[in-house]
Amino acid sequence: MSIEWYLVLAALLFAIGAGGILVRRNPVVILLCLELMLSAGALAILSFSRMLGDGDGQVFVLIVLVVAACEVVVGLGLVVAMFRRRIPLDVDETTELRG
Amino acid sequence: MIPALPIADTNFVDATWILILKSLVIFVVILSVVPVVLLAERKLLGRFQNRYGPNRVGPYGSLQPLADVGKLLSKQGFRPTGAVPGLYEVAPALTILAAVLTLAILPFGDVQGGVGLYGIDVPIGILYFFAFGALAFYGLLLGGWASGSKYSFLGAMRSAAQLISYEMAMGLSLLGVVLMAGSLSLVEIVKAQGEIWFIVPQIVGFLIFMVAGFAETNRAPFDLPEADAELVAGYSTEYGGMRFGSYFFAEYMEILIISGIASTMFLGGWMGPGPSWLDPIWMLAKMLAITFIFIWIRATLPRFRYDQLMSFGWKVLIPLATLNVLVTAVLVVVW
Amino acid sequence: MTTASWAWLVLLFPLLGSMVIAFGFRRLPDRTAGIIGSTAIGLAFIAGIGTLLGLLSEPSESRHVASSLWEYAGVGDLRVDLGIFVDPLAVFMVLVVTGVSFLIHVYSTAYMESDQGYSRFFSYLNFFVFSMLLLVLAGNFVLLIIGWAFVGFASYALISFWYRRTTATAAGMKAFVINVVGDIGLVLAAILIFRELGVLDYEAVFDAAPKVFSTDQWTVVAICLLLLVGAFAKSAQLPFHTWLADAMEGPTPVSSLIHAATMVTAGVYLVARTWPLFELAPAAANVAAIVGVVTLLVAGTIALVVTDLKRIIAYSTMSQIGYMFLAVGIGAYSAGMFHLMTHAFFKALLFMAAGSIIAVMANDQNIDRMRGLGKALPFTAAMLVIGSLALSGFPFTSGWFSKDEILDFALYRGGWYTILAIAGYVGAFMTALYAFRIVFRILPGRPCPEAEELIETGHVAHGEAVNPANGQPEDYEVGYPGKEHHIAEQSPGMRFGMLPLGVLALIAGFLQVPGVTEVVTKFLEPTFEGSSLAAIHPPVSKAWLGLLNGGVIAVVGIAFAWVFWVRRPAIPGSLRQKFHPLYELFVHKWYFDELIHAVIVRPVLAFGDFCNRVVEPFVVGGIVTGTTSLVRSAGALVRDLQSGMIRAYASLMVVGAIAVVLFLLLRGG
Amino acid sequence: MVEIAFFAGAAGAIGGALAVVLLKNPFYSVLALVVHLVFLAGIFLLLRAQFLAAAQIVVYAGAVMVIYVFVAAYVGGIEEPAFDAHPRLRIFGPIVAAALFIEISIAVAGSALVGIGTEGPQDIPDDFGTPAAVGRMLLDDFLIAFEAASILLLLAAVAAIVLAGRRGSQTQEGT
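Chains as they are written, first to last, in our numbering: chain A, 1 to 99; chain B, 100 to 434; chain C, 435 to 1103; chain D, 1104 to 1278.
What follows is the structure, given as structure tokens:
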């Protein structure tokens, strides 16, 4: 399988994730879509790492994994905090960032 | 003939037909060991509690497991109204699948006569074990959730929290061995124990691993997910027939796997006196010996309270395991 | 166990001790911290002996071991290992540091007994020993700098140990700031070395230096001068010396360990360690020697007139380190290191004795008030006399052999070094004078009230303690000075700490009898292999002649002291009248503090004031308000885009990403 | 063989991803993501990143997704119709996503990278992608990144505790 296939797959997964963020309103699902995008990015990096025969990319993906874990923890913490304070779990309702 | 998969570096690969044969043999052996363990548990529990244990079916009750299986098989399969179709059926299968897949890396001997006495030998050995351990968790959780019952759900949540908490300690306890062996491959780790079994230098790791192992398999004294006094039967409350049988079966398989990993990592795996064809026997013997400890503990210790379980895992086991890793690392570097 | 493993153990024990005490200090019962601390250092000393034996079992040409735990950081061409370098010089320092530290730890367990911060004290002290050993054993300049900075911090923490004393905290800050100036010098030197040579490991640097630099090339001179800035700051040499006297605000064991025996000698060690660089830069080496001599003269004159017991000893420390700098500056490395060792013995001893005396005086350190302590404190007095004899270089004491060896060297080099040697002899005379000024003023005579109380009742005075510097009452909560006072006569621990040092101060000199033993020179030889200067050795006859000179000067100095302060106590007063301006100069420490204040502090303050009044309101303020108003008006323009809808933002981001990729596609093709 | 493995993995991964976006119940979405991740780990294996494949399952499926399951179960299955989003985004979202996909594909296919049409060099070292190799790089060349990541993790843990922690008196804070 040429590397191209992997990259196209990564692009597709990334696009699905991005689309998901735009169409869904539940913050949990939005976080899931972010995971999708992150793992698509990881796939792309791994493909390039394989293409170059250089293992550095794998370390990068490992770091991405850590970052993703951090993002999840904080994101889900927010979700739980929202739920506790009876804020509806709908990102369209939380518009406090309005200028 | 299909060449070995390019997907993973395996340290040693057999021809495909041997692989298939091997997997069948391992599966069948473990499949037939499980009822033995089951029977042994009931008999031993009986002895521990000063009663006979099963003694009606067959001589000394030896056919009891067969009878049980027969009973479970012949029961009507049903689904509670509140249950989620699909997931409810898949969950037990998932559990047993994860357990069976883990069997692949347990080594029962070195390469003998051109055949490795193990499923596969991967450089990521221990990680493989943890990866499928992680998947086994979904079997329990989905089962509990999909049953649509409060007891099931609470049991599933408990087991989820418990599994995550103790998986950390378990991983850390094995790190000491990995540091000393310098490899993650189970075969390499066994070979590294030629001079001394790791249970001697890594006694702390072994004890932590065993404690975490009890928790991971939901065995007494950590059997909170199925604490019958509180939760009826935890995540398996709503299950009956062979679906319940699968959960039951998987649990015992998990015990055997933990025993297998413990013997491999700490007790020198297949190593033992005698000719090399005895290797698998030694391995099985060690596994069964540890399984006996599982049963013994179950008959001896009372159940933890839930907060005790959590604080024990996080505040005692994990720091202790971390310390063990640190000390081992320093010693490995210094020597 | 290999030599390197022993050396790692030397580092491990103090660190472990420090951490155990630091993390467990709330749970450690009562006085365990002292036991843990002392044991840790004792074990480090034993490991040091192990290192020594390991090294001695090697043939002399391979007596150096470099060992690395792991590569700590690699950035570009820079590779820094967590590595140590063990050779005779390092082992010599390790033994001196751990040995003296061990005795002082034992002394402290008794001395600090009633202090509230007992555990904290030992944690700091162990950390200090660890840092010092790190500095000594470091295998490259980066680790050296780390050890260097740790030592600076430990010194700061210990000087300000009694943190409710305003004077102590101020002294700690002063020491820290001046030390940081030195650190900067060291860091700049390391950067320059890396730029020129591309390596930072000692061995690599010393191999490469002669190939890259020619003698007295400006780069190597600059490197050495920067190294000297670090060395001078840490070793309290002119003009970075002002912190040392103030550092006496710390507990007396600290003065004894850090500000006399070990830390302040780090500068000397640094120069000896980097001798290959200094031999390539004779100009810088001469600077070291000259500054050393000037410091020893200046410090000697100040020590003659100040009346604070600990400060007299502190100034004498500066002066003795001046000798060491003279030694390493002129290439008499082993003589300098030997003086470092004997100085560690007798100076630690002097401070310990001072601690005992100060305890009797209820923390009054003014020697004008002390009288007749000889009868009250026989043991302490004996130790004080031994220390003073060694300090003034009385024949056959350790100081005689070590100090006069340095001066022999300087004389033998001839040329203008003779001037340095003569100045050194003048300094030696002053040393004898002020050393026995202490002895003759406080030991004989009619006992002062505190001494009398001790003789009659066996009690130590526990007066209401007042900070002599500013008259504030002391705060017992953070220890100072402890509810009870402890003197050597009554506490075995303190005696145990002092006695070995007393014996060593007397006899250690016999290690290095010219032409007979010369143990230190032979031991250190492998380190200074290939040095052209170390080979210039005065012949035995000349060495003995020099020793004779030194002995005579010491005896004469002591005799003068006897005349001044016992026989004719009126003379010092009349001299003071006659040379009043000179006395004022000395007693104000040559106005160095004032000079620094005028040259550095005042301009900086003035600049700060200028910034405050002119730059801040107009320049900075103008920029800030301008920026804010700009942002505010720009914000007003785009406010409507801020719908607060997360998904609207997300879609804008995606669209933006698409646009960027599209642009790149269209442009790049 | 490799092709079969790749397409099976890709089908599973894409299916999982689509299910994440399309399923109404967040709980199912989480499960779908687990399926997606497991298949993706298989594809990682094809790229000879064994350690990351295992790490992906252990860390993601084993730990991260468990937290998701917890939260999804905790906040309850709030079903929302998949496509009654903001009326404009309902159409706009998929279009933008498709545009993104097409664009990246063109960028990848049209790039001048030589190796892109190959399977990657065949003479990679034996320990490519093994824990040993990754670990060595992590502690040698990428130590600072590693330490930064661990600090980030610590910060995230603290942040999560602060965010989700129960306040002592549960006072109603203005929202």
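Cβ coordinates follow ideal geometry from the N, Cα and C atoms, glycine included.
**Request:** Can you grab the Cα-Cα spacing for the pair residue 238/B / residue 350/B, in whole Å?
**Result:** 11 Å
**Prompt:** Start and end of the beta strand (DSSP E) containing residue 921/C?
**Reply:** Premise fails: residue 921/C is in no beta strand (DSSP E) and is neither H nor E.
**Asked** My guess is that residue 1233/D and residue 1153/D are in contact by the Cβ rule of under 8 Å, so how many angstroms apart are they, rounded?
**Response** 6 Å
**Asked** Candidates 447/C, 462/C, 732/C: which alpha carbon is nearest residue 857/C's?
**Response** 732/C
**Message:** Distance check for residue 361/B and residue 289/B, CA to CA, integer angstroms please.
**Reply:** 11 Å
**Message:** Please report the straight-line C-alpha distance between residue 494/C and residue 522/C, rounded to a whole angstrom.
**Reply:** 10 Å
**Message:** Let's test the definition: count the other Cβ atoms within 10 Å of the Cβ of residue 852/C and tell me whether it reaches 16, buried, or not, exposed.
**Reply:** exposed
**Message:** According to DSSP, simplified to helix, strand and coil, what is residue 502/C?
**Reply:** strand
**Assigned exposure category for residue 434/B - 16 Cβ within 10 Å defines buried** = exposed
**Prompt:** Considering residue 307/B, what are the terminal residues of the alpha helix (DSSP H) in which it resides?
**Reply:** 302-315
**Item:** residue 378/B in three-state terms, based on DSSP
**Value:** helix
**Prompt:** Residues of chain A with a CB under 8 Å from the CB of residue 1255/D: which are they?
**Reply:** 66, 67, 70
**Asked** List, in order along the chain, the chain D residues whose C-beta lies closer than 8 Å to that of residue 91/A?
**Response** What residue 91/A touches in chain D: nothing, since even the nearest Cβ is about 10 Å away.
**chain A contacts from the stretch 1084-1099 of chain C (Cβ-Cβ distance under 8 Å)** = 1084, 1085, 1088
**Near-chain C residues of the stretch 9-43 of chain A - C-beta to any C-beta below 7 Å** = 18, 21, 22
**Opening and closing residue of the alpha helix (DSSP H) in which residue 818/C lies** = 812-826
**Request:** Report the three-state DSSP secondary structure of residue 340/B (helix, strand or coil).
**Result:** helix
**Asked** residue 565/C to residue 923/C, Cα distance in whole Å?
**Response** 33 Å
**Prompt:** Using CA coordinates, which residue listed in 655/C, 761/C, 576/C is at the minimum distance from residue 624/C?
**Reply:** 576/C
**Asked** Under the three-state reduction of DSSP, which class applies to residue 970/C: helix, strand or coil?
**Response** coil
**Asked** For residue 1235/D and chain F, any beta-carbon pair shorter than 8 Å?
**Response** In summary, chain F is missing from the structure at hand, where the protein chains are A, B, C and D.
**Prompt:** Is the Cβ of residue 1282/D closer than 8 Å to any Cβ of chain B?
**Reply:** Only positions 1104 to 1278 of chain D appear in this structure, which leaves residue 1282/D out of reach.
**Prompt:** residue 245/B: which of 336/B, 312/B, 214/B, 222/B sits nearest, CA to CA?
**Reply:** 336/B
**Asked** Whose CA, out of 79/A, 45/A, 38/A, 85/A, lies closest to the CA of residue 1219/D?
**Response** 45/A
**Ordered list of alpha helix (DSSP H) runs contained in the stretch 1108-1153 of chain D, each at least 4 residues** = 1129-1149
**Asked** Going straight from the alpha carbon of residue 447/C to that of residue 470/C, what length do you get?
**Response** 10 Å
**Item:** CB contact below 8 Å: residue 1266/D versus chain C
**Value:** no
**Sequence-distant residues of the same chain with beta carbon closer than 7 Å to residue 844/C, five excluded per side** = 760, 764, 851, 854, 855, 858
**Asked** What's the gap between the Cα of residue 671/C and the Cα of residue 291/B?
**Response** 58 Å
**Short CB-CB distance (under 8 Å) between residue 1135/D and chain B** = no
**Message:** What does DSSP give as the partner residue(s) for residue 572/C in the beta ladder?
**Reply:** 518/C
**Request:** Using a Cβ-Cβ cut-off of less than 7 Å, list which residues of the stretch 1104-1117 of chain D approach chain A; keep chain order.
**Result:** 1105, 1106, 1109, 1113, 1116, 1117
**Message:** My output table needs one value for residue 135/B: the three-state DSSP class, helix, strand or coil.
**Reply:** helix
**Message:** Let's test the definition: count the other Cβ atoms within 10 Å of the Cβ of residue 1087/C and tell me whether it reaches 16, buried, or not, exposed.
**Reply:** exposed
**Request:** Helix, strand or coil for residue 406/B, going by three-state DSSP, please let me know.
**Result:** helix
**Message:** If the criterion is Cβ atoms closer than 8 Å, does the pair residue 560/C and residue 636/C meet it?
**Reply:** no
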